[in-house]
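Chains as they are written, first to last, in this note's numbering: chain A, 72 to 385; chain B, 2 to 280.
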């Protein structure tokens, strides 16, 4: 017999026997009524089937064909697209670009978002204002981010003005093969560090206050408290930040696409830009689908790897 | 030992102010440039507050004969698309979360896991087949095309299921025992108890949809169907070197989101803390 989560059911004004109440509760959530749950899920489930599950299956299928948008009859080509991808220097290059971009962006996110969150977590006067203001970069429309940074990275733009003001040489950010990935990383991190600081902040605020109180009584220093209370308690949050920011950067499209479109000389062609160009500019649907599947496999593997690492050194 | 309190606070204020300054610098630059006269945007030393602010940049960007862009129309499109996506997604996600949390049926867990797994499935991976699907439906360049595929988003389902799982069942049980039907209980008991979660999902979905660039970019060709982000991008491509105009337009595109943020800050933050980070 299943009872409500509360264990006790508050009987309605007209008193009934507890047994009868329990039976009714059983019948509304029990075997005979369960299909109602399915009916509640069904509308959105249909949308998921058509616009999420079906496209994945279709991508998997198309990746094995020579499909293009103009010819509805595809030939099955087996693993040929995958084989060609692995020997396509542009594809290999885009994997390298994505890997450098993701690594370079994620490490500062994991560390600096935490630093920002630690500051924002202090109880001082005016903290609300700081919390609101530091969040603004994340409010800016995503399409405005690369447009704005294109100007900031201009030869005579704000970034170079700042560098020259402190005696350094200006950089041709978006046209220099060595500088373009760092340029992406700065723009990306500027936008999303405030978001992840909020995630950390929620994590920090869920740490029970009495842990800190007890450690103060024991005479622990600020650094010790951070090392032995905050960090271990934040572990799940850190995993979330790591996984989500990695996935976010691995597929990031708008910043790369609008800032450089992959240039100079493919030096900033991320995987998502590669997929877009293969599918929508060269109309090689099968080829683009194969690249999509590899991106998906890569993202899932990295996620599983992180979960594994975080679990195994417990 | 701990630093003395005033010293530590002073240090904190200084550090926070520096961080905030650098985070906001690009935003200052955007607004400041939007008020400059064409050709003076790189003059040194930087004029953060232009001595002669050129407010006409805003009117000229909004209604520009050169680019022939129609921002009134783009705004209308954004409102229609975002409004419908948000409303329908919130309703369907609430229903699904309720059904998954409060009922037991065969395959319920599989359905939930299958939906939530799509949270890590980016549009970039399925953009080609999704485009083909929408094309086969004849939905390119239409509102349906902009709206229906976007409704299938897992964040709301996930959040609403969490919400309903922690919501005591006793009230729902009581209503059922009093003879209310399943649908009536959902609308008269479950929904009124769930406004905080519903608002969180609504704000989140609103922002995601309002801000989305990739999907409209893929399926919209005609000018009259453009949303604001597409309009901003097209304008930028047409006006490449008129920095003040482009920054004025960017500022205008930012304002609605800033207002939304100030009005619903708490729900904004809750959605992010529940890590619906996407864009």
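Here a beta-carbon is modelled for each residue, glycine too, at the ideal position from N, C-alpha and C.
Subject >> Neighbour-count burial assignment, residue 98 (chain A), 16 or more Cβ in a 10 Å radius >> reply: Its pLDDT being 49, under 50, residue 98 (chain A) is placed unreliably by the model, and the measurement read from it follows with that caveat. Its Cβ having fewer than 16 others within 10 Å, residue 98 (chain A) is exposed.
Subject >> Residue closest to residue 321 (chain A), alpha-carbon to alpha-carbon, out of A:287, A:170, A:359 >> reply: A:170
Original post:
Taking buried to mean at least 16 other C-beta atoms within 10 Å of its own C-beta, is residue 172 (chain A) buried or exposed?
Top reply: buried
**OP:** Could you tell me whether the Cβ atoms of residue 89 (chain B) and residue 184 (chain B) are closer together than 9 angstroms?
**Re:** no
Original post:
At which residue ranges does the segment 83-148 of chain B contain complete beta strand (DSSP E) runs of 3 or more residues, listed in the order of the chain?
Top reply: none
Subject >> Other residues of its chain near residue 221 (chain A): CB distance less than 8 angstroms, five sequence neighbours each side excluded >> reply: 245, 329, 330
Original post:
Do residue 190 (chain A) and residue 16 (chain B) have their CB atoms nearer than 9 angstroms?
Top reply: yes
Original post:
Shorter than 9 angstroms from the beta carbon of residue 103 (chain B) to some beta carbon of chain A?
Top reply: It does; some Cβ of chain A falls within 9 angstroms.
Original post:
Are the CB atoms of residue 268 (chain A) and residue 187 (chain A) nearer to each other than 9 angstroms?
Top reply: yes
**OP:** Return the residue from the list B:79, B:102, B:266, B:51 that minimises the CA-CA distance to residue 158 (chain B).
**Re:** Of the candidates B:79, B:102, B:266, B:51, the one whose C-alpha sits nearest the C-alpha of residue 158 (chain B) is B:102.
Original post:
Could you give the uninterrupted runs of the beta strand (DSSP E) lying entirely in the segment 103-141 of chain A, keeping only those of 3 residues or more?
Top reply: none
Subject >> Given residue 211 (chain B) as reference, the closest of B:116, B:67, B:261 once Cα atoms are compared >> reply: For residue 211 (chain B), the nearest C-alpha among the options comes from B:261.
Original post:
Taking 9 angstroms as the CB-CB limit, is residue 82 (chain B) close to chain A?
Top reply: At a cut-off of 9 angstroms between beta-carbon atoms, residue 82 (chain B) makes no contact with chain A.
**OP:** Please check if any C-beta of chain B sits within less than 9 angstroms of the C-beta of residue 356 (chain A).
**Re:** yes
Subject >> From B:113, B:62, B:214, B:94, residue whose alpha carbon lies closest to that of residue 124 (chain B) >> reply: B:214
**OP:** Starting from the Cα of residue 52 (chain B), find the closest Cα among B:59, B:60, B:64, B:34 and give me that residue.
**Re:** Nearest C-alpha to residue 52 (chain B): B:34.
Original post:
When DSSP labels each residue in this structure, what does residue 147 (chain A) get in the three-state scheme?
Top reply: strand
Subject >> residue 107 (chain A) versus residue 204 (chain B): straight-line alpha-carbon distance, rounded >> reply: 28 angstroms
Original post:
If residue 168 (chain A) and residue 316 (chain A) are in contact, beta carbons under 8 angstroms, what's the gap, nearest whole angstrom?
Top reply: Not quite, the Cβ-Cβ distance comes to about 18 angstroms (not below 8 angstroms), so this is no contact.
**OP:** Just the C-alpha distance for residue 281 (chain A) and residue 189 (chain B), rounded to the nearest angstrom, thanks.
**Re:** The straight-line gap from Cα to Cα measures roughly 40 angstroms.
Original post:
Just to check, is the beta-carbon of residue 175 (chain A) closer than 8 angstroms to a non-hydrogen atom of the ligand SAH?
Top reply: Among the ligands in the structure shown, none appear at all, so the ligand SAH cannot be discussed.
Original post:
So, does the CB of residue 100 (chain B) fall closer than 9 angstroms to a CB anywhere in chain A?
Top reply: yes
Original post:
Are the Cβ atoms of residue 38 (chain B) and residue 245 (chain B) separated by less than 9 angstroms?
Top reply: Contact: yes.
Original post:
chain A beta carbons: is any one of them nearer than 9 angstroms to that of residue 247 (chain B)?
Top reply: yes
Original post:
Is it right to say residue 235 (chain A) is buried, meaning 16 or more other beta carbons lie within 10 angstroms of its own, or is it exposed?
Top reply: exposed
Original post:
Comparing alpha-carbon positions, which option in B:36, B:67, B:73, B:45 lies nearest residue 57 (chain B)?
Top reply: B:36
Original post:
Whose Cβ in chain A lies nearer than 7 angstroms to the Cβ of residue 262 (chain B)?
Top reply: 210
Original post:
Does the beta carbon of residue 108 (chain B) come closer than 9 angstroms to any beta carbon on chain A?
Top reply: Residue contact check for residue 108 (chain B) against chain A: a CB pair falls below 9 angstroms.
Subject >> Contact with chain B by residue 350 (chain A), beta-carbon distance below 9 angstroms >> reply: yes
Subject >> Helix, strand or coil at residue 151 (chain B) according to DSSP, with G and I counted as helix >> reply: helix
Original post:
Is the CB-CB distance between residue 261 (chain A) and residue 208 (chain A) below 9 angstroms?
Top reply: Yes; because the gap between Cβ atoms is below 9 angstroms, this pair is in contact.
Original post:
Do three or more CB pairs link the segment 129-144 of chain A to the segment 353-368 of chain A at distances below 8 angstroms?
Top reply: yes
**OP:** For residue 97 (chain A), name the three-state secondary structure that DSSP assigns.
**Re:** Confidence is the limiting factor: at residue 97 (chain A) the pLDDT is only 48, short of 50, which leaves the residue's position unreliable and the question unanswerable from this model.
Original post:
How would you write the range of the alpha helix (DSSP H) that residue 49 (chain B) sits in, first residue to last?
Top reply: Per DSSP, residue 49 (chain B) belongs to no alpha helix (DSSP H) and is neither H nor E.
Subject >> Helix, strand or coil at residue 75 (chain B) according to DSSP, with G and I counted as helix >> reply: helix
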